[in-house]
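*Asks:* Using numbering that gives the first Met the number 0, read the sequence shown as starting at 0 and increasing by one per residue.
By construction, the Cβ of each residue, glycine as well, lies at the ideal position given by its N, Cα and C atoms.
Here it is, the structure, as structure tokens.
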Amino acid sequence: MKLDFPSGRRGSLVITVTILRAARKGMLKTHLISSVSLSCEQFNRYLGFLKAKGFVEGYGRLYKTTEKGLELISEFESSPLTRSVLTT
């Protein structure tokens with residue numbers, strides 16, 4: 000599921016969910032940064048938040064979405080607001 004916004008800018012929740020989706024099966028930090036199209040500084044801010052909240056776990060250089068993170072993805076994707084954006 001890809002969300003396109005008229006301004007071309009993504010909100011924090013969309014970026015958060017994009018990171019969580021990318022890290023579902025585990026991914027190296029450099030690959031995550033590239034896959035979500037953020038600067039290293041921006042990515043590190045999001046990663047710090049996601050780790051602190053228990054949405055992502057780090058295993059050396061590998062990061063993986065936790066069960067809690069998978070639940071957030073599911074909630075986001077099943078949200079009526081998300082569905083309305085996708086169908087318009």
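1. Do you know offhand how far T29's Cα is from R23's?
2. Cα-Cα, which of E66, S78, S34, S33 is closest to L49?
3. Would you say E70 faces chain D, with C-beta separation under 9 Å as the test?
4. So if DSSP puts V35 in a beta bridge, which residue, or which two residues, is it bridged to?
5. Using C-beta distances below 7 Å, list every residue in its chain close to S38, excluding the 5 sequence neighbours before and after it, in chain order.
*Replies:* Straight from the coordinates:
1. 15 Å
2. E66
3. Here there is only one protein chain, and chain D is not present.
4. None, per the DSSP bridge assignment.
5. none
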